[in-house]
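Worksheet for the structure shown next.
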Amino acid sequence: MEALGPIAIFLLALFALLGAGVWVGLALIGVAWVGMELFTSRPTGDAMVTTIWAGASSWTLTALPLFVWMGEILYRTRLSEDLFKGLSPWLARLPGGLIHTNIVGCTVFAAVSGSSAATLTTVGRMSIPELRRRDYPETMVIGTLAGAATLGLMIPPSLTLIVYGVAINESITQLFMAGVLPGLTLAAMFMAYVAVASQVSKDFDPKPEPRMSLRQKLANSRLVIPLLLLVALVIGSMYLGFATATEAAAFGVLGSLALAASQGSLTRATFTDSLMGAVRTSAMIALILAGAKFLSLSMGFTGLPRGLADFIAEQGLTRFELLMALLVFYIVLGCFLDGISSVVLTMAVVEPMIRQAGVDVIWFGIFVVVVVEMAQITPPIGFNLFVLQGMTGHEMGFIARAAIPMFLIMVAMVFVLIFVPELATWLPETMSQRR
């Protein structure tokens, strides 16, 4: 195939730069530079400046730093302690007991952070000591936390969905709505696993929780109510059409500042730390996006994306076979790159394929997010594994083995999405009809 030459050159340049330890964003720009010099006579510097500025000045992208800042503010509050106290009385009597606080806590915090790492750190720093003190099995504590924290990538506001939407020029609000039901379904699948595993495991023998009256449970639940109201404000404003994703992000920042102030956690130091944390994360993602935009332009001059799409079409693959090929491709890629890098690096090639195959791009966004969620818990680059290693002191191999059941549940979730696509498409379509 004629595209094999350019593919080899792009891959060689990419692996050389990444292997040398160059930042992902700069590596993408470097690969694009090589492509422009080899395959076009257009001035490379002029093309790079124009493309990067066009990508960086997108109004849609302004939602990203706001959602990052919202998560950073809440990360520095007493939220993790309040979450555990508020959720534990209601979950203690379920099969699996307080292990469910990992999953429900991550689900709730994912709805206001958008970040897998922030979700993992916030919930884990409180739940791990509490669950250990109650003699819950370490593998189940670590595994469920590693898996459930990935919900931060799917449940809105998801940073990965923002990046995907910007990369393919689709509505961020529609993508957010598409992630709600699959995210809740995946959380329910995690909880079902915990319920079953706790019944069949011989090592599951935690200390019993003292019984609480309904009044005591309700008293503890008041700690979670402000956070649930913030979730309702952010997601509800988008669903009802009162706000775009960017405007909802601004509401979220104001709400998180108010929540931190009401807790007494909003000091000059926490405000500055949250702001600088948001700047660092947003700058990192913006650099990757800038590199991806330039790489897309460079690939376009080679005809590589369209050539690959035509090649796939010539193979006569069914929609299911194409999705299986992409599933394996992203799982392998996720062993070496983080989720956001995987998305921006591949969209220039993958987008024409899926559009030509008639795959709904909103649905495919959720498909991709589920698959790159797996990358968070697969060695050697699984970011959640590194975070948990720092928090628990366990060997990487132990943490990876503990996360295997959650990885398999995510694989099952991919097939649920394929056979029940309405799970991802129903809510965006309903929202469109309301408007």
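Residue numbers (the working numbering): 15 to 449.
The beta carbon of each residue, even a glycine, is placed where N, CA and C say it ideally should be.
Exercise. Can you tell which of D149, G128, S356 has its C-alpha closest to the C-alpha of L341?
Worked result: Ranking the options by Cα distance to L341, first place goes to S356.
Exercise. If we count the other Cβ atoms within 10 Å of its Cβ and call it buried at 16 or more, is Q390 buried or exposed?
Worked result: Buried: at least 16 other Cβ atoms inside 10 Å.
Exercise. Quick one: Cα of Q403 to Cα of T58, how far?
Worked result: Between the alpha carbons of Q403 and T58 lies a distance of about 43 angstroms.
For this session: Assign I239 to buried or exposed, taking buried as 16 or more other Cβ atoms, counted over all protein chains shown, within 10 Å of its Cβ.
Result: Exposed, since its Cβ has fewer than 16 Cβ neighbours within 10 Å.
For this session: For the segment 163-244, list the alpha helix (DSSP H) runs that are entirely contained and at least 4 residues long, ordered along the chain.
Result: 173-182, 186-214, 228-235, all fully within the segment 163-244.
Exercise. Since I249 contacts P196 with CB under 8 angstroms, what's their CB separation in whole angstroms?
Worked result: Incorrect: roughly 14 angstroms between the Cβ atoms, too far for contact.
For this session: Compute the distance between the beta-carbons of A416 and I156, then report whether it is under 8 angstroms.
Result: Taking 8 angstroms as the Cβ cut-off, A416 and I156 qualify as a contacting pair.
For this session: Can you tell me which of the three DSSP states S102 falls into?
Result: DSSP, read as helix, strand or coil, puts S102 in helix.
Exercise. Excluding five sequence neighbours on each side, which residues of the same chain lie with their C-beta closer than 6 angstroms to the C-beta of W440?
Worked result: Here W440 has no same chain residue with a Cβ atom under 6 angstroms from its own Cβ, once five neighbours each way along the sequence are excluded.
Exercise. Who are the near neighbours of L159 in its chain, counting only those whose CB is closer than 8 angstroms to its CB and skipping five residues on each side?
Worked result: Excluding the 5 residues flanking it on each side, L159 has same chain C-beta neighbours closer than 8 angstroms at N116, C120, L134, V137, G138, S141, I142, L402, in chain order.
Exercise. Can you tell which of M420, T392, I432 has the C-alpha that lies nearest to the C-alpha of M338?
Worked result: Nearest C-alpha to M338 among M420, T392, I432: I432.
Exercise. What is the residue span of the alpha helix (DSSP H) that F256 lies within?
Worked result: Taken as a continuous stretch (DSSP letters only), F256 belongs to no alpha helix (DSSP H), as it is neither H nor E.
Exercise. Can you tell which of R333, Y344, L200 has its C-alpha closest to the C-alpha of I368?
Worked result: With respect to the C-alpha of I368, the residue from R333, Y344, L200 having the closest C-alpha is R333.
Exercise. Measuring CB to CB, does L292 end up less than 8 angstroms from W83?
Worked result: Checking the sequence, you will find Ala at residue 292 rather than Leu. In terms of Cβ geometry, A292 and W83 form a close pair [threshold 8 angstroms].
Problem set entry | Three-state class that DSSP yields for R294 in the structure shown | Reduced to three states, the DSSP call for R294 is helix.
Exercise. Is G348 closer than 8 angstroms to M388 when the C-beta atoms are compared?
Worked result: Between M388 and G348, the C-beta spacing is below 8 angstroms.
Exercise. Where does S446 fall in DSSP's three states?
Worked result: In this structure, S446 counts as helix in the three-state DSSP scheme.
Exercise. Between T260 and V267, what straight-line distance do the alpha-carbon atoms span, to the nearest angstrom?
Worked result: Take the alpha-carbon of T260 and the one of V267: they are about 11 angstroms apart.
Exercise. Whose C-beta lies closer than 6 angstroms to the C-beta of V38 among residues of the same chain, with five residues either side of it excluded?
Worked result: Apart from sequence neighbours up to five positions away, the residues of its chain that approach V38 with a beta-carbon distance below 6 angstroms are I302, S355, ordered along the chain.
Exercise. Expressed to the nearest angstrom, what Euclidean distance is found between the alpha-carbon atoms of L167 and V45?
Worked result: Looking at the two C-alpha atoms, the distance is approximately 27 angstroms.
Problem set entry | Selection from T392, P393, E365 that minimises the alpha carbon distance to F381 | Of the listed residues, the one whose Cα sits closest to F381 is E365.
Problem set entry | Continuous alpha helix (DSSP H) stretch holding W83: start and end | Unbroken alpha helix (DSSP H) run through W83: 77-89.
Exercise. Quick one: Cα of M203 to Cα of I423, how far?
Worked result: C-alpha separation (whole angstroms): 7 angstroms.
For this session: Please determine, among I186, S55, A246, G110, the residue with the shortest C-alpha to C-alpha distance to P220.
Result: Nearest option by C-alpha distance: G110.
Exercise. Apart from the five residues on each side of it in sequence, which residues of its chain come closer than 8 angstroms, Cβ to Cβ, to V190?
Worked result: In the sequence as displayed, the identity of residue 190 is Phe instead of Val. Closer than 8 angstroms at the Cβ level, and outside the excluded window around F190, lie P170, P171, S172, L175, I249, M252, A259.
Exercise. What do you get for T360, buried or exposed, if any count of 16 or more other CB atoms within 10 angstroms of its CB means buried?
Worked result: Answer is buried; the Cβ neighbour count reaches 16.
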